[in-house]
Amino acid sequence: MGLRTPLFAEHERLNARIVPFGGWDMPLHYGSQLEEHHAVRRRAGIFDVSHMQPVDITGSGAGSFLRRLLANDVVKLKDPGKALYSCMLNDQGGVVDDLICYYRGPERYRLVVNAGTADKDLDWMQAHAAGFDVQIDRRRDLAMIAIQGPQARALAAPLLPADCRDAALAIAPFFAADGARWFVGRTGYTGEDGFEIILPAEDAPGLWQGLIAAGIQPCGLGARDTLRLEAGMNLYGQDMDETVGPLESGLGWTIAWEPLERQFIGREALVALRDNPARRDFVGLLLTGRGVLRGHQQVLSEGRVVGEITSGGFAPTLERSIALARVAPGLGATCAVDIRGKAVPALVVKTTFVRHGKPAQAF
Amino acid sequence: MSVVHADLHYTKTHEWVKVHGDGTATVGITDHAQEALGDIVFVETPDVGRQVEAGDGCAVVESVKAASDIYAPLAGEVVEVNTALADTPELINESAYGDGWIFTLRIADAGAVDGLLDAAGYQAALDAEA
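Chains as they are written, first to last, in the working numbering: chain A, 8 to 370; chain B, 157 to 286.
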C-alpha cells in the first residue's frame, strides 16, 4: 500500500480506480478518462495533487541559495506572488527535478516539487545549503487541489476564503494570492486557465466536496497526463531526468543564462552542450498513419533510427495520436515511427498541441 | 462487478469465444478486460485470411493507458474482422460481448474448444485475480 492523501476517502467514495504513482495511491480515473479530459477543456475539472510537495525556503540567504540551486533565476521575481518554472540541475546538467517557485516576499519562497522525487530533492537541497542562511521546510501538513478549465476560476471563487478571494480573481496567470491559510496560484498543468490551491490538509476534504457539489468533474492522473501532453508540458522521469537536461528536452527557455556571473549548479555543463552541434532536438509528433504513439517507440527518418518518443498517446481534443520526442538535429518536416515493426508516418510539429481548448497550431 | 455470459467460452487472457454451429467462432475481449483497459481509442485487427495458432498475438487494443495484445484462443483462419472498430473503437467499451467483437475464426480443430474455460471457470479465474 502506498501513501494516501487527505482526499483518499473522497476518491473511494467516488469509485475511483486507484493506482500506485510515485509512492502514493492515487486516482487514475473515476469512470472515463476521456470524459474527464473533455470536461477540463470545455468547462472545469478538479485534481487531487496533494502528492506533490510544497517546500518553503526562507531566511536571509533564501534568494542567493535559489540563485545557486535553480537554472532559472529568482531575481526575475520582483512582485509578491509571482511564479517561476525552473529545473534544478546536477553538475552534469541533468535534471534532479523540475519545479515551480513562488515569490512570497523578501527572502520568502515556496517551491512545489514532484511526488516521486521529493525525498531526493530535499536531500539535494540540504546538501547544497551549506554557507547560506536558509531554512528548508518540507510542508507535509499541506494538501493541494488543482481546478482547471475555462470555467474553473468562476466556479471555484465562491469557495475561496474572503482574505484571498478578490486577489485570486484579480491576479494574472502565473501569480499566486497568498491568504492566511490558503495559497491560490493561477497555475496548472493542463493548458487551461485555473487555480492550484495549496491549503492545510484538514481543509482539503471540505473544499473538494464543495467543488464536487458545484458540479465540477473529478479527474484522475490519466486525464492529467493526456491534458499535459496536449499542452506540450514535460513530465519528469519521462521527458527529462538526471541524464537528460533542459537543452535536449525543450526547456531551454527556462535557463537564465544572464547575468553571466551567476554560477548556478549545472551551468558549465549546459554551456558546453549549448554549442555542441550534435545536441538533440525536442519536437512534437503528430501521427498521420494509423495507431497510437507511445513512449520509447523509435523515430525513423529515411529508414534510420534518429530518436525516441519520450511521451506519447492519444490526444482526445485532436482525436489524433501525438508525442514528444528527442531526435538528432536536422530532422525535417516528416518522419516515421516504429509501431510494432511497422514504419508509420508522422509530421514533425511544435510541442504545444492544444491551448485553451483549441488546437495551438494548424495541423 | 464485471459481466460474464454463460453461453460463451473464455481464456485466461480475457478473450471471449462464441462458437457457431458452422465451424466458426467469434472472438472479443471480456467486460472485465475492457473495464481494466479504460477508454479504448484504437484497434488493430488481423488480416482476413491469416492463419493463427492458439496463443498467437493477432490483434492489438489500445486504450488511453496502454496497448494490449489480443491472443487467438484457438488455431484457425481469420475469416472476418469487425471493420466498425476502425472508426468506433469505443464499441468495445460500450458492448464488449456484442458490437465490440473483434474477429471471427474458422476453427482448425473443433475439439480444441473443450480446452477453453467455461463461464464458471472464467469467473473463478477472475475471483483468483482479485
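Beta carbons are placed, not taken as given, at the ideal position from N, Cα and C, and that holds for glycine.
Closest Cα partner of alanine 78 of chain A within the set A:Gly339, A:Pro352, A:Gly259: A:Gly259
Buried versus exposed, by CB contacts within 10 Å (16 or more), phenylalanine 289 of chain A: Using a 10 angstroms sphere on the CB of phenylalanine 289 of chain A, the tally of other CB atoms reaches 16 or more, which defines it as buried.
Nearest candidate by alpha-carbon position, reference alanine 187 of chain A, set A:Leu176, A:Val313, A:Leu167: A:Leu167
Glutamine 40 of chain A vs glycine 229 of chain A beta-carbon contact at 8 Å: yes
Any chain B beta carbon closer than 8 Å to glycine 298 of chain A: It does: the Cβ of glycine 298 of chain A has a partner Cβ on chain B nearer than 8 Å.
Coil, strand or helix - cysteine 171 of chain A by DSSP: helix
Beta-carbon gap between phenylalanine 162 of chain A and isoleucine 223 of chain A smaller than 8 Å: For the sequence presented, residue 162 of chain A should be read as leucine rather than phenylalanine. Yes, the pair counts as a contact, with Cβ atoms nearer than the cut-off.
Inter-residue spacing [alpha-carbon to alpha-carbon] between isoleucine 248 of chain B and alanine 189 of chain B: 10 Å
Local conformation of glycine 30 of chain A per DSSP, three classes: coil
Assigned secondary structure, tryptophan 215 of chain A (DSSP; H/G/I helix, E/B strand, else coil): helix
Helix, strand or coil at glutamate 171 of chain B [DSSP, three-state]: strand
Glutamine 224 of chain A, DSSP secondary structure in three states: strand
Buried/exposed call for asparagine 238 of chain B, threshold 16 Cβ in 10 Å: buried
Nearest-angstrom Cα separation, counted from glycine 156 of chain A out to glutamate 259 of chain B: Looking at the sequence provided, one finds phenylalanine at residue 259 of chain B rather than glutamate. Our two residues, phenylalanine 259 of chain B and glycine 156 of chain A, have alpha carbons roughly 40 Å apart in a direct line.
Cβ distance (whole Å) where glycine 9 of chain A is taken to contact proline 27 of chain A below 8 Å: Confirmed, Cβ separation roughly 5 Å.
Whole runs of the beta strand (DSSP E) within the region 282-344 of chain A, excluding any shorter than 3 residues: 288-294, 305-308, 311-322, 327-334
Other residues of its chain near serine 256 of chain A: CB distance less than 8 Å, five sequence neighbours each side excluded: Val102, Asn241, Asp246, Met247, Phe289, Thr317, Arg333.
Proximity below 8 Å, CB of aspartate 140 of chain A to CB of glycine 68 of chain A: Cβ distance < 8 Å, so aspartate 140 of chain A and glycine 68 of chain A count as in contact.
Nonlocal neighbours in the same chain, by C-beta distance under 7 Å from valine 204 of chain B, ignoring five residues either side: Val234, Val235, Glu236, Val237
Contact set between glutamate 218 of chain B and chain D, taken where Cβ atoms lie within less than 7 Å: In the displayed structure, chain D is absent; the protein chains listed are A and B.
Within-8 Å CB hit, serine 318 of chain A to chain B: no
Beta-carbon contacts of glycine 217 of chain A that lie in its chain and below 6 Å, excluding the five residues immediately before and after: Contacts found: Leu166.
Near-chain B residues of the region 225-251 of chain A - C-beta to any C-beta below 8 Å: Gly229, Thr233
Where leucine 293 of chain A meets chain B, residues with beta-carbon distance less than 9 Å: Simply none; closest approach about 15 Å.
Length of the line joining the Cα atoms of histidine 45 of chain A and threonine 233 of chain A: 10 Å
Extent of the continuous alpha helix (DSSP H) run through arginine 160 of chain A: 159-163
Listed by chain order, chain A residues near aspartate 195 of chain B by CB distance under 8 Å: Ser39, Gln40, Leu41
Delimiting residues of the alpha helix (DSSP H) encompassing methionine 59 of chain A: First-last for methionine 59 of chain A: undefined, no H or E at that position.
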